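Novice: Numbering (UniProt numbering), first residue to last: 1 to 155.
Idealized CB from N, CA, C, for every residue including glycine.
Please read all numbers here as calculations on a predicted model, not as lab measurements.
Shown below is the structure under consideration.
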C-alpha cells in the first residue's frame, strides 16, 4: 500500500472498527426510514422532513465509510445478517410516538458517537489521518443534531 503511510498490521483494527460503525449506521438508517414513513400527529410535517434529512445524511455516511474501508484495501461488510450481529444499534419499532422516535434517535446517536470514538482511537494508534479526519467531522455533525433533537424534546 504505497499510497498509504500506514503499517499493514495497524490497518486491521481500524477496518474492524469501521465495519462496526458501518453496521451501526445501516441499522440507524433503516430505523430512520421507518420513523419517516410512520410518524404522525401534530409534529408530522417537522419530523417527516427532519427524519428524511437524517436518513439522507446517514446514507451518504454509509457510502463514505465503505469507501474508506476500500481505500484501506479491505472489503466493507455488506450483509444485513452480519450487521445485525455486529451492530450495537438494534431494530426499533416504528409504530411509536414521535417523542419516542426522537428519544430512540438520541440513544442511537450516543451509540454512534461511542463507536466513532473507538474508530478515532485505533486510527490514531495506526497513524491513519484520513480516517481521523473523516470521523472527526461526523462527530461534530452528530453532536449538533443531537443538541437540536434534545432541545425539541423539552417542554
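1) Within its chain, find whatever has a CB closer than 6 Å to the CB of residue 4; leave out the 5 residues flanking it on each side and keep chain order.
2) Is it buried or exposed for residue 1, if we count other Cβ within 10 angstroms and need 16 for buried?
3) Got a sec? Which residues, its chain only, sit under 7 Å from residue 124 by beta carbon, not counting five neighbours each side?
4) For residue 96, name the three-state secondary structure that DSSP assigns.
5) Which residue comes first and which comes last in the alpha helix (DSSP H) that contains residue 91?
6) Apart from the five residues just before and just after residue 115, which ones in its own chain have a Cβ nearer than 8 Å to its Cβ?
7) I want to know whether the segment 86-102 touches the segment 60-67 - three or more CB-CB distances under 8 Å.
8) Enumerate in chain order the residues of its own chain whose CB-to-CB distance from residue 142 is below 7 Å, with the five nearest sequence positions on each side excluded.
9) Taking residue 81 as the reference, which of 6, 150 and 26 has the closest Cα?
10) Could you spell out the range, first to last residue, of the alpha helix (DSSP H) harbouring residue 77?
11) For a test of the three-state rule: what should DSSP assign to residue 41, helix, strand or coil?
12) Look up residue 87 in the DSSP assignment and say whether it is helix, strand or coil.
13) What's the call for residue 32, buried or exposed, on a 16-neighbour Cβ count within 10 Å?
Specialist: Based on what the coordinates show:
1) none
2) Only weak support is given to the placement of residue 1: the predicted model assigns it a pLDDT of 44, under 50, and the value that follows is read from those uncertain coordinates. By the 10 Å Cβ count, residue 1 comes out exposed.
3) 132
4) coil
5) It is not in any alpha helix (DSSP H) - residue 91 carries neither H nor E in the DSSP assignment.
6) 17, 20, 21, 24 and 88
7) no
8) 109, 112 and 113
9) 26
10) Careful: residue 77 lies outside any alpha helix (DSSP H) and carries neither H nor E.
11) coil
12) coil
13) buried
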